[in-house]
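Residue numbers (our numbering), protein chains in the order written: chain A, 1 to 142; chain B, 143 to 574.
Each remark here refers to the structure printed beneath this line.
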């Protein structure tokens, strides 16, 4: 399991620039990033090299943020790779709140990040299906 | 035109005599019948016989809106409940409304005062008066209705809303006088334009508009778009309802019905009375009311009084258009809104007091109310649906408390400006 940072972003010009600036100046490396947006606000979700420090920096700058445990799975980078992993979760009756993929160098397996309600059951189901899950150490080495 | 020329044009000295007489009777009545006033008078060491002339009113204690709430529902009534024939209510700072009661004589006097107001607008028994104020606990609808009937006009009790039907009936019935809020009449004019209905298909001559603050610019726009005379009417349920004061055709200020209401202007900070012409808070003593007479009721409305005889010949004191308040109450589409009502909803939902800001505006002549709430770590969720339902929940709860539509926006922390650590709660962008 990996700690993800989630940040509340108002739908206003310059907000994302400010948040990434705070992280950048604090020496935080963004490993993966996804943004969910609605008409009124957005949520920026990211994996960073130092979640504790990132959270502290954001709070110091009056930016609302929280950490969430997510699953990072290695998925074979070929047709049907993701479908296989999602099928395992579906069979275990686990619904996915959201997911996004990592940017990686070519020819490697894809990394997919999942947020699910029943995280422990999801880990079991994926491992039983032979899916490789990464922990924080693996991620920060990327 | 006059409804009761003798009273409307009474010599001011004579009027003072009449007011003094009525004030003495009122003071005796509340001292004997309302424990709240007996206690307040005793605390100030005032006996009813100390009040001799109308100037002695300044010896008396004030009444606040919160006094009505603290004595909810009927504690300030001065007659047995069996004498009350009707109640009205308006929203208060908390969930409980402020309730007022009328005896049969009060209702009749009120009808007379509203008849006076309609006469200011040129109404006669030949008029067709369409009452588009809401009917119900709100005093607007029924207050205007009884006044229109008192004149003998054909009264159309259509209440608010259903704009296309309003227009159809105005055309078919030949409505000559319309009573509604100023923002609603502008909406009506716009709807007519959209429907390509020419104003020449109406017989409308005048309108009696009130229940919310409006500007001279709005009056100009209403008069020009509909080709009518637009009269400003002032009232508040605690005192009576509509009919407390009204413009005449010269529009030089609203004539207060001084034979029923004793008006003072005070400095809202020192509570000292101010002379004519100076701006301050309007304080009203009802001097001819049976159900719930109020002594020196602080209206919180900011205005000034002018005693010079008007071009119309009336000697009744004229109050300037109300353009501000000495408390934080907002009037949104005719509904009283206190920021504390919104705050209590937020505290209940968030379990803490979040920073928020109320932004009021007027878009296409309709008041809008937006509540911006800062999303703190406690309120934040990583999931879109949870945050969205938080916004919806806040919206619904506020709407059910206020009874009007609001927009809720979730904003980032510290984006609401603060001064000395305190957030400015209300931004009113309406131009009055």
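In this text, a Cβ means the ideal position worked out from N, Cα and C, and glycines have one as well.
Since this is a predicted model, take the numbers as computed values, not measurements.
Shortest alpha-carbon distance to residue i belongs to which of the options?
| i | options | result |
| --- | --- | --- |
| residue 242 of chain B | B:229, B:285, B:254 | B:229 |
| residue 418 of chain B | B:459, B:486, B:426, B:182 | B:459 |
| residue 444 of chain B | B:520, B:510, B:411, B:453 | B:411 |
| residue 492 of chain B | B:510, B:523, B:475 | B:523 |
| residue 582 of chain B | B:406, B:390, B:474 | Only positions 143 to 574 of chain B appear in the structure, and residue 582 of chain B is not among them; the question remains open. |
| residue 517 of chain B | A:22, A:32, A:2, A:40 | A:40 |
| residue 328 of chain B | B:314, B:313, B:316, B:350 | B:350 |
| residue 8 of chain A | A:30, A:27, A:67, A:25 | A:67 |
| residue 219 of chain B | B:171, B:423, B:371 | B:171 |
| residue 473 of chain B | B:515, B:544, B:539 | B:544 |
| residue 118 of chain A | A:44, A:97, A:35, A:52 | A:97 |
| residue 261 of chain B | B:481, B:373, B:437 | B:373 |
| residue 52 of chain A | A:65, A:78, A:114 | A:65 |
| residue 403 of chain B | B:392, B:387, B:409, B:292 | B:387 |
Under 8 angstroms by Cβ, that's how I've got residue i and residue j pegged, so tell me the actual separation to the nearest angstrom.
| i | j | result |
| --- | --- | --- |
| residue 499 of chain B | residue 546 of chain B | No, residue 499 of chain B and residue 546 of chain B are not in contact; Cβ-Cβ is about 18 angstroms, not under 8 angstroms. |
| residue 193 of chain B | residue 271 of chain B | That pair is no contact at about 39 angstroms. |
| residue 86 of chain B | residue 513 of chain B | One cannot answer for residue 86 of chain B here, as it falls past the ends of chain B, which runs 143 to 574. |
| residue 154 of chain B | residue 457 of chain B | 6 angstroms |
| residue 431 of chain B | residue 248 of chain B | 6 angstroms |
| residue 300 of chain B | residue 333 of chain B | At roughly 15 angstroms, the Cβ-Cβ gap does not stay under 8 angstroms, so residue 300 of chain B and residue 333 of chain B are not in contact. |
| residue 240 of chain B | residue 231 of chain B | 6 angstroms |
| residue 537 of chain B | residue 526 of chain B | Between residue 526 of chain B and residue 537 of chain B the Cβ distance is about 16 angstroms, and since that is not below 8 angstroms, they are no contact. |
| residue 166 of chain A | residue 70 of chain A | With chain A covering only 1 through 142, there is no way to say anything about residue 166 of chain A. |
| residue 82 of chain A | residue 126 of chain A | No, residue 82 of chain A and residue 126 of chain A are not in contact; Cβ-Cβ is about 12 angstroms, not under 8 angstroms. |
| residue 275 of chain B | residue 353 of chain B | 7 angstroms |
Would you kindly work out how many angstroms separate the C-alpha atoms of residue i and residue j, rounded to a whole number?
| i | j | result |
| --- | --- | --- |
| residue 395 of chain B | residue 150 of chain B | 15 angstroms |
| residue 342 of chain B | residue 367 of chain B | 11 angstroms |
| residue 426 of chain B | residue 450 of chain B | 19 angstroms |
| residue 467 of chain B | residue 355 of chain B | 10 angstroms |
| residue 281 of chain B | residue 116 of chain A | 55 angstroms |
| residue 223 of chain B | residue 321 of chain B | 31 angstroms |
| residue 263 of chain B | residue 520 of chain B | 56 angstroms |
| residue 312 of chain B | residue 335 of chain B | 15 angstroms |
| residue 416 of chain B | residue 507 of chain B | 34 angstroms |
| residue 383 of chain B | residue 556 of chain B | 42 angstroms |
| residue 253 of chain B | residue 289 of chain B | 4 angstroms |
| residue 24 of chain A | residue 54 of chain A | 10 angstroms |
| residue 563 of chain B | residue 497 of chain B | Any reading at residue 563 of chain B must be qualified, since the residue scores a pLDDT of 48, below 50, and its modelled position is unreliable; no value is offered. |
| residue 140 of chain A | residue 475 of chain B | 57 angstroms |
| residue 405 of chain B | residue 462 of chain B | 13 angstroms |
| residue 314 of chain B | residue 307 of chain B | 10 angstroms |
| residue 188 of chain B | residue 152 of chain B | 31 angstroms |
| residue 359 of chain B | residue 385 of chain B | 23 angstroms |
I need the DSSP call for residue i, collapsed to helix, strand or coil.
| i | result |
| --- | --- |
| residue 522 of chain B | coil |
| residue 376 of chain B | strand |
| residue 468 of chain B | coil |
| residue 587 of chain B | Any property of residue 587 of chain B remains undetermined from this structure, which presents chain B solely from 143 to 574. |
| residue 95 of chain A | coil |
| residue 429 of chain B | coil |
| residue 487 of chain B | helix |
| residue 448 of chain B | strand |
| residue 478 of chain B | strand |
| residue 441 of chain B | strand |
| residue 603 of chain B | This structure leaves residue 603 of chain B out entirely; chain B is present only between 143 and 574. |
| residue 563 of chain B | Residue placement at residue 563 of chain B cannot be trusted, given a pLDDT of 48 that sits under 50; the coordinates are not used to answer. |
What do you get for residue i, buried or exposed, if any count of 16 or more other CB atoms within 10 angstroms of its CB means buried?
| i | result |
| --- | --- |
| residue 441 of chain B | buried |
| residue 400 of chain B | buried |
| residue 609 of chain B | No answer is possible for residue 609 of chain B: it lies beyond the span of chain B, which begins at 143 and ends at 574. |
| residue 478 of chain B | buried |
| residue 578 of chain B | Nothing about residue 578 of chain B can be reported from this structure: the residues present for chain B run from 143 to 574 only. |
| residue 420 of chain B | exposed |
| residue 337 of chain B | exposed |
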